[in-house]
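Residue numbers (my numbering), protein chains in the order written: chain A, 790 to 999; chain B, -19 to 309. A virtual CB, placed ideally from N, CA and C, is assigned to each residue, including glycine. Take a look at the structure set out below.
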């Protein structure tokens, strides 16, 4: 990302970029996914260095880019930025949270019905085909979360990196409703100090053995 | 002339980082990386980029007497923390006054990005040394792992030239663009970490604690399921496992029915297939669906009396091909 883009971005989020230049900036961002990623990272880095929770103007930029991309947000874009998210890994301030991306990315977990292409063994082509593009939010992620956890565990057993699947499984915890309970009657404060798991509301029912 | 030659040689040295590193092959660099992530202590700030969505995390990692100690703190929002002490993993959600406890029965770390062996470069992937660049204030060598087809993703790694530690990693989609990126913006390597760097910063007295139920014995089995696998993929393992499910009230329990978990790999990309009797899906019909969370995808379909879900960090078409072709021998 060159210095010109950086200066335009700074001016845009400060509301000081002329309309004509703004249009060019938005168009360029909408056409260059790599640049969108660089911009998101750049803005996040700036936020960290300044110790800010959010950057004014970033929300507007995100909406403009999403509009240019032709996405029709099912979730109002400002909801994600202004309100604490329930998605564990989706921060509130989220400066660059989807600052430059299609609204699809805002939804976190995305799901779309398969249009049942014939991908049977005999019909499978050697070149992979692009997936359908219609996404909806899944109704229940608990089973999938378990699958992700098992997959992550087995992946690391192979020596591969399973952390992404693990983090994904944490993200889905909210889908399962964990942590929403207001009932803390079963909390044992004395043992909380040393982070022991014995205070679990849900008792363990077995031990894994390899 | 001699002066020109000397200049050219200096340029080569500058480009390669010196004779010592120039002599190392890409495979040796990957070995160095594996050793570094398994043995080094580090503390720093990471920016994780996923489909244009960014988040910054403060991470600390140490291995003390063979025990993995880690702490990851989200730098904005709710202040989510993940603290790992060996196999015990605590997910602390301060805004919900909740602690979730999980058992991770492995040695996974945040940045162990590749398998240790078994990867047949040249068949499904090419391994290419690229250029040097500065990452997090340190000099790094870029290495690209490029797939031969669209059934798997590529990787780009920026390895610290001094230690081999991965300062930046990217998972590359079939359009050549990064699907996910993890990059340190500042890092202290092999530093002695203070105790508080690995302990929660929150006052967790009074928090509600949740735990995943313990996992039952995992039974390795001889699977009679076969699939039409993309080139290079092979079956790694097959096991009978039990699904634990969390209901709307946040209660987690083990399911009644066993499920078959088959893992496939091409040496780098891993794919899990989960097969259960379709009657176990709460009686509700299940249509074929794709899900995606970053680079992690899943595809679920129901055929006859079975429900098949395939999960992995691979393109959707790979999952769908495997799921739709799974059948008993």
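If we ignore side chains and look at the alpha-carbon of each, how far apart do residue i and residue j end up?
i	j	result
residue 67 (chain B)	residue 272 (chain B)	27 Å
residue 135 (chain B)	residue 107 (chain B)	10 Å
residue 213 (chain B)	residue 243 (chain B)	10 Å
residue 36 (chain B)	residue 116 (chain B)	14 Å
residue 862 (chain A)	residue 825 (chain A)	Confidence at residue 862 (chain A) is low in this model, with a pLDDT of 38, below 50, so the placement of that residue should be treated as unreliable; the coordinate-derived value is given next. When rounded, the distance between both Cα atoms is 18 Å.
residue 113 (chain B)	residue 122 (chain B)	7 Å
residue 827 (chain A)	residue 47 (chain B)	36 Å
residue 906 (chain A)	residue 201 (chain B)	In this prediction, residue 906 (chain A) has a pLDDT of 28, which is less than 50 and means its spatial position is unreliable; what the coordinates show is noted afterwards. Rounded to the nearest angstrom, the two C-alpha atoms are 32 Å apart.
residue 179 (chain B)	residue 211 (chain B)	45 Å
residue 203 (chain B)	residue 793 (chain A)	58 Å
residue 293 (chain B)	residue 240 (chain B)	20 Å
residue 143 (chain B)	residue 25 (chain B)	18 Å
residue 54 (chain B)	residue 289 (chain B)	31 Å
residue 270 (chain B)	residue 300 (chain B)	9 Å
residue 177 (chain B)	residue 51 (chain B)	7 Å
residue 278 (chain B)	residue 248 (chain B)	18 Å
residue 941 (chain A)	residue 819 (chain A)	34 Å
Measuring only from the beta carbon, is residue i closer than 7 Å to any heavy atom that is part of the ligand SAH?
i	result
residue 297 (chain B)	Ligands are entirely absent from the displayed structure, and the ligand SAH is therefore not among its contents.
By the three-class DSSP mapping on this structure, what secondary structure does residue i have?
i	result
residue 70 (chain B)	strand
residue 312 (chain B)	The first residue shown for chain B is -19 and the last is 309, placing residue 312 (chain B) beyond what the model contains.
residue 806 (chain A)	coil
residue 331 (chain B)	Only positions -19 to 309 of chain B appear in the structure, and residue 331 (chain B) is not among them; the question remains open.
residue 184 (chain B)	coil
residue 217 (chain B)	strand
residue 174 (chain B)	coil
residue 5 (chain B)	coil
residue 936 (chain A)	helix
residue 819 (chain A)	helix
residue 151 (chain B)	strand
residue 829 (chain A)	helix
residue 54 (chain B)	strand
Determine whether the Cβ of residue i lies closer than 8 Å to any Cβ atom of chain B.
i	result
residue 822 (chain A)	yes
residue 804 (chain A)	no
residue 943 (chain A)	yes
residue 939 (chain A)	yes
residue 874 (chain A)	Note that residue 874 (chain A) scores a pLDDT of 29, beneath 50, so its modelled location is shaky; the value from the coordinates is reported in the next line. Closer than 8 Å to some Cβ of chain B, the Cβ of residue 874 (chain A) qualifies, so yes.
So which residues of chain B does residue i contact, with C-beta pairs closer than 7 Å?
i	result
residue 933 (chain A)	271, 278
residue 801 (chain A)	Neighbours of residue 801 (chain A) on chain B: none; closest Cβ ~16 Å, over 7 Å.
For the alpha helix (DSSP H) containing residue i, list its first residue and its last residue.
i	result
residue 792 (chain A)	792 to 802
residue 305 (chain B)	296 to 305
If you follow the beta strand (DSSP E) that residue i is in, where does it begin and where does it stop?
i	result
residue 41 (chain B)	33 to 44
residue 108 (chain B)	105 to 115
residue 135 (chain B)	134 to 140
residue 252 (chain B)	250 to 257
residue 118 (chain B)	118 to 127
Less than 8 Å between CB atoms is the rule here; does residue i satisfy it with respect to chain A?
i	result
residue 292 (chain B)	yes
residue 241 (chain B)	yes
residue 213 (chain B)	no
residue 107 (chain B)	no
residue 158 (chain B)	yes
Going along chain A, which residues have a C-beta under 7 Å from residue i?
i	result
residue 164 (chain B)	Those within 7 Å of residue 164 (chain B) in chain A number zero; the least Cβ separation is about 11 Å.
residue 254 (chain B)	936
residue 8 (chain B)	None at all; the shortest Cβ gap to chain A is about 17 Å.
I want to verify the contact list: residues of chain A whose CB lies under 9 Å from the CB of residue i, in sequence order.
i	result
residue 147 (chain B)	Here the premise fails: no neighbours, minimum Cβ distance about 14 Å.
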